[in-house]
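*Asks:*
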Amino acid sequence: YSADSQFITHLVGRILGAQGLRPTPIDTKGFQSVLKLIENTNADSFDLFFGLYKYNRNSGYTIGRLRVALEGVVGELLQRDGVMGVFGDNGNRDGSGDERRTDG
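Note that this note's numbering has the sequence shown beginning at 1, numbered continuously upward.
1) For the putative contact between I8 and T62, defined by C-beta atoms under 8 Å, what is the C-beta separation to the nearest angstrom?
2) Looking at L37: is its Cβ nearer than 8 Å to the Cβ of L11?
3) Rounded to a whole number of angstroms, what is the C-alpha to C-alpha distance between S2 and A18?
4) How would you label G13, buried or exposed, when you count the other beta carbons within 10 angstroms and need 16 or more for buried?
5) Quick one: using the 10 Å Cβ neighbour count with 16 as the cut-off for buried, is L70 buried or exposed?
6) Which value, in whole angstroms, describes the spacing of the CA atoms of E120 and L66?
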């Protein structure tokens, strides 16, 4: 269990860290927790993160589940907003399609 929890923690922390998130004067407790996760995981070396990936037999499965979950959550947002297609690109995974709204 430890390797799985460490890997997903480091994966999410590094993904969020790549967003360049910074503190603001109106941070919520939740956002402060996100920033702390980024700080903690990015303080560790990429070699350690790579080791968590390489030597965890479930890491590929974890990445796949995270991708499916992201697509599902974003898909639900876009569906409620009237946007068709995955990530608002009419199904073009390279993002070259335009966003189309069904509400006119």
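Glycine is no exception: its CB is placed at the ideal position from the N, C-alpha and C atoms.
*Replies:* With the given structure in hand:
1) Translated into positions along the sequence shown, residue 8 becomes position 8. Translated into positions along the sequence shown, residue 62 becomes position 62. Their Cβ separation, rounded to whole angstroms, is 6 Å, which keeps I8 and T62 in contact under 8 Å.
2) The residue you call residue 37 lines up with position 37 of the sequence shown. The residue you call residue 11 lines up with position 11 of the sequence shown. No. Outside cutoff.
3) As a first step, residue 2 must be located in the sequence shown, where it is residue number 2. As a first step, residue 18 must be located in the sequence shown, where it is residue number 18. Taking the straight line from one Cα to the other gives about 24 Å.
4) Taking the sequence shown and counting its residues from 1, one reaches residue 13 at position 13. Buried: at least 16 other Cβ atoms inside 10 Å.
5) On the sequence shown, residue 70 is found 70 positions in, with the first residue counted as 1. Exposed: under 16 other Cβ atoms inside 10 Å.
6) Not covered by the structure: residue 120. The range shown for the chain is 1 to 104.
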